[in-house]
Amino acid sequence: MALTSLHQAYIWMEYSFNNGCFSRTLLFLLFFFNLPQDIVGARSVGVSDVTSNVGGLCASVVIHWGYKCQEFKVQTKDGYILGIQRIPRGRNGRGKGKRPPVLLQHGILVDGLTWVLNSPEESLAFILADNGFDVWIANTRGTKFSQAHVSLSVSQPAYWAWSWDELVSYDLPATVDFVYQQTGQKLNYVGHSMGTLIALSSLSEGKLVDKMQSAALLSPIAYLSHMTTPLGVTAAKAFAGEIAIGLGVAEFNPLWRVVKVFLNSLCLQPGVNCFDMLTEFTGNNCCLNSSTVEFTLKFEPQPTSTKALTHLSQTVRDGVIRKYNYDSKEGNMRHYGQTTPPVYNMSNIPKEFPLFLSYGGQDALSNVKDVLQLLDDLKLHGGDKLTVQYVQDYGHADFVMATNAKEFVYDAVISFFNRQ
């Protein structure tokens, strides 16, 4: 199949929808991965001016609510330049004096905006600041506030040649080191979704323990064998990521015009609306504000590398948490010095390192069975070093977007940090 124009592709897609030729998920995979790259559309390559804060998270959201906010840039050892925001204290100077630092790490396909989506009374970053913490917000490479590199542009495939292994090896250490140097204190960590995976993987290798005080993991992602989100499971089992890499698609950008066309066409189908589309990806979220969901779907989807999505797909298929599999003994030998990728052994996480895990009964990405497997790996943690919370009604997005998350999750996180 060769689609030579966006118009031709769109007509083919609509015909297939109407005649029941394919399921929507499989049709999208075929449609997207067969488009020539010049159809995909332009993408922003700009980086915010740190001095003026124009376009930055501080100016666009945080300062609006009356908080002091600072923008920083941090360079990783492999040349990526990451944006970091700091909310040093609460509104009206609340929380003066020495404040414990907290680093917030978002998941995949989103950025630091995750932590300030709701009002100050409902958003974790603001709640922490108002409770006496020095809040730092991370932004993964490739997302809006972290698109610079010392020599590469986001328009080059080489810029996107990374899996989540590089987030473990480069992004997280660079960010943690910077916060540690700036504050002179060990930091507490909060991760959501893939933000939990990179922390767990790093801790399993004994890294950063000397600079981190504790970690709170919301919707923890480690094992993924029981994931139930339809799109994710279908893409993983169809080897969609590997196909995309083979076709030279290095970047996956939810804001590409072709993806927007596809999503808009779904919204127009009978019985489908954009609010429910979030459910398809994350599970049945109980407590979201519809305006927050609308805002998120309009502004929040962020680019990532196809290789990172492929790496997650490998975890779904293989049932093992390990480094990226180059799908040949020779490729793995070149990268790792062995024919199979090394495993991230969760049972190697230091048993005296304090962990807080909160997971939901309706989460389609962080499935209860997978979380229980992770907890089995952590069973040797001392009773006072592992705190586990289960929220029956919560789906994946509730942990960062629910209007009642302060009551059900965030207050417990703050109590956990205060005990360390």
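Mapping of the sequence shown onto mature numbering (1 follows the signal peptide of the UniProt record, and there is no 0): residues -41 to -1, 1 to 379, in sequence order.
All C-beta atoms, glycine included, are put in the ideal place defined by N, C-alpha and C.
Beta-carbon proximity check, residue i vs residue j, cutoff 7 Å
{"i": "ARG58", "j": "GLY91", "result": "yes"}
{"i": "ALA195", "j": "VAL275", "result": "yes"}
{"i": "ALA181", "j": "LEU159", "result": "yes"}
{"i": "LYS103", "j": "ASP70", "result": "yes"}
{"i": "GLN379", "j": "GLN172", "result": "yes"}
{"i": "THR265", "j": "ALA203", "result": "yes"}
{"i": "SER105", "j": "LEU41", "result": "yes"}
{"i": "LYS344", "j": "PRO313", "result": "yes"}
{"i": "residue 391", "j": "MET305", "result": "Not covered by the structure: residue 391. The range shown for the chain is -41 to 379."}
{"i": "THR263", "j": "ASN77", "result": "no"}
{"i": "ASP352", "j": "CYS245", "result": "yes"}
{"i": "ASP130", "j": "THR255", "result": "no"}
{"i": "LEU126", "j": "GLY150", "result": "no"}
{"i": "GLY242", "j": "HIS355", "result": "yes"}
{"i": "GLY154", "j": "GLN64", "result": "yes"}
{"i": "PHE166", "j": "TYR139", "result": "According to the sequence as given, residue 166 is Lys; it is not Phe. In this structure, TYR139 does not lie closer than 7 Å to LYS166 by Cβ."}
{"i": "ASP93", "j": "PRO47", "result": "yes"}
{"i": "PRO79", "j": "TRP24", "result": "yes"}
{"i": "residue 390", "j": "ASN291", "result": "Not covered by the structure: residue 390. The range shown for the chain is -41 to 379."}
Any non-hydrogen atom of the ligand MG closer than 6 Å to residue i Cβ
{"i": "SER122", "result": "This structure lacks the ligand MG; in fact it carries no ligand of any kind."}
DSSP state of residue i mapped onto helix, strand, coil
{"i": "LEU76", "result": "coil"}
{"i": "ALA174", "result": "strand"}
{"i": "PRO60", "result": "strand"}
{"i": "GLY42", "result": "strand"}
{"i": "ASP357", "result": "helix"}
{"i": "LEU247", "result": "strand"}
{"i": "ALA107", "result": "strand"}
{"i": "HIS23", "result": "helix"}
{"i": "ASP352", "result": "coil"}
{"i": "GLY207", "result": "coil"}
{"i": "SER264", "result": "strand"}
{"i": "ARG50", "result": "helix"}
{"i": "ARG100", "result": "coil"}
{"i": "GLY296", "result": "coil"}
{"i": "VAL302", "result": "strand"}
{"i": "ASP322", "result": "strand"}
{"i": "GLY290", "result": "helix"}
{"i": "PHE(-20)", "result": "Note that PHE(-20) scores 40 on pLDDT, short of 50, meaning its location in the model is unreliable; the coordinates nonetheless yield the value given after this. Coil at PHE(-20), not helix or strand."}
{"i": "TYR139", "result": "helix"}
{"i": "VAL330", "result": "helix"}
{"i": "ASP37", "result": "coil"}
{"i": "LYS166", "result": "coil"}
{"i": "ILE202", "result": "helix"}
{"i": "HIS270", "result": "helix"}
{"i": "LYS310", "result": "coil"}
{"i": "ASP70", "result": "coil"}
{"i": "LYS338", "result": "coil"}
One or two residues paired with residue i in a DSSP bridge
{"i": "THR346", "result": "PHE315"}
{"i": "PHE31", "result": "ILE43"}
{"i": "LEU146", "result": "MET171"}
{"i": "TRP95", "result": "ARG45, LEU62"}
{"i": "HIS151", "result": "LEU177"}
{"i": "GLY242", "result": "ASP322"}
{"i": "ARG281", "result": "VAL302"}
Pick from the options that is closest to residue i, judged by C-alpha positions
{"i": "PRO189", "options": "HIS340, CYS28, ASP322", "result": "ASP322"}
{"i": "ARG50", "options": "TYR26, GLY38, ASP37, GLN64", "result": "TYR26"}
{"i": "PRO116", "options": "ALA107, HIS270, ALA209", "result": "ALA209"}
{"i": "LEU183", "options": "ASN363, GLY15, TYR353, VAL327", "result": "VAL327"}
{"i": "THR99", "options": "PHE85, LEU87, VAL135", "result": "VAL135"}
{"i": "TYR349", "options": "THR73, GLY341, LEU334", "result": "LEU334"}
{"i": "LEU324", "options": "THR187, GLU311, VAL302, PHE375", "result": "THR187"}
{"i": "ASP329", "options": "LYS365, TYR39, LEU156", "result": "LEU156"}
{"i": "PRO309", "options": "GLY320, SER287, GLY341, TYR318", "result": "GLY341"}
{"i": "THR193", "options": "ASP357, GLY296, ILE22, THR269", "result": "THR269"}
{"i": "TYR285", "options": "GLY205, PRO132, GLU80", "result": "GLY205"}
{"i": "VAL113", "options": "GLU253, LYS288, PHE358, ASN212", "result": "ASN212"}
{"i": "TYR318", "options": "GLY191, GLY296, VAL368, LYS170", "result": "VAL368"}
{"i": "SER287", "options": "GLU201, THR362, PHE358", "result": "GLU201"}
{"i": "ALA364", "options": "PHE240, GLY101, ASN248, TYR39", "result": "ASN248"}
{"i": "PHE240", "options": "LYS338, ASP124, ALA18, ASP357", "result": "ASP357"}
Rounded distance between the beta-carbons of residue j and residue i, thought under 8 Å
{"i": "ILE67", "j": "SER152", "result": "7 Å"}
{"i": "LEU83", "j": "LEU16", "result": "About 14 Å separates the two Cβ atoms, so there is no contact after all."}
{"i": "ASN147", "j": "VAL75", "result": "Their Cβ separation, rounded to whole angstroms, is 18 Å, which puts ASN147 and VAL75 out of contact at 8 Å."}
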